[in-house]
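**Student:** Residue numbers (the numbering used here): 212 to 323. All residues carry an ideal CB built from backbone N, CA and C; glycine is no exception. Note that the structure is a prediction, hence the values are computed from the model and not measured.
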Amino acid sequence: MDIVWNDFGSHQLSGVAEALDAAGIGTSAAEGPGATAADAAARASVEVDAALVASGLGLAPAQVPAMLADRRIATLCERGTGEDAGRYRFTFYLGNRRFRLLTDASGRPLPG
212 MDIVWNDFGS HQLSGVAEAL DAAGIGTSAA EGPGATAADA AARASVEVDA ALVASGLGLA
272 PAQVPAMLAD RRIATLCERG TGEDAGRYRF TFYLGNRRFR LLTDASGRPL PG
């Protein structure tokens, strides 16, 4: 399953913007639709195992891709900087459930 870094469309889903605000994560429109080519180039694509996401959210692995595609599962990906460069922290939101996953640049899970 391919996850695009910072799924700004999912930030519009019920409860996601509030959760991001509470975590101190900005969701400015300048980062979303209408962003420049340079902004788009800064986005990354990382392959994440759907079975991990399913386990974390209490779903069957086969459900995850469709639920991501139709935005029932919202995503946020944060790219590490400094000593965390090359790491990603994915957060998956489904209703009132949240699952966080740390990975390296190739999507391999890291200890949290």
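Provide the residue span of the beta strand (DSSP E) that contains L287, from first to last.
**Tutor:** Translated into the one-based positions of the sequence shown, residue 287 becomes position 76. First-last of the beta strand (DSSP E) with L287: 285 to 290.
**Student:** I'd like the span of the alpha helix (DSSP H) that includes L268, first residue to last.
**Tutor:** Residue mapping note: residue 268 aligns to position 57 of the sequence shown, counting from 1. Here the alpha helix (DSSP H) through L268 covers 261 to 268.
**Student:** Are the CB atoms of R319 and L305 nearer to each other than 8 Å?
**Tutor:** Residue mapping note: residue 319 aligns to position 108 of the sequence shown, counting from 1. Residue mapping note: residue 305 aligns to position 94 of the sequence shown, counting from 1. Going by C-beta atoms, R319 is not nearer than 8 Å to L305.
**Student:** What does DSSP give as the partner residue(s) for D315 in the beta ladder?
**Tutor:** Sequence index remark: in the sequence shown, residue 315 carries index 104 (1-based). Answer by DSSP bridge pairing, in chain order: R298.
**Student:** Distance, Cα to Cα, L279 vs A285?
**Tutor:** Looking up residue 279 in the sequence shown gives position 68. Looking up residue 285 in the sequence shown gives position 74. For L279 and A285, the distance between alpha carbons rounds to 7 Å.
**Student:** Can you tell me whether DSSP reads P272 as helix, strand or coil?
**Tutor:** One-based indexing of the sequence shown puts residue 272 at position 61. P272: helix per DSSP, three-state reduction.
**Student:** Assuming L312 and V259 make a contact with CB atoms under 8 Å, what is their CB distance in whole Å?
**Tutor:** Stepping through the sequence shown from its first residue, residue 312 is reached at position 101. Stepping through the sequence shown from its first residue, residue 259 is reached at position 48. Going by Cβ atoms, the distance from L312 to V259 rounds to 7 Å, so yes, they are a contact pair.
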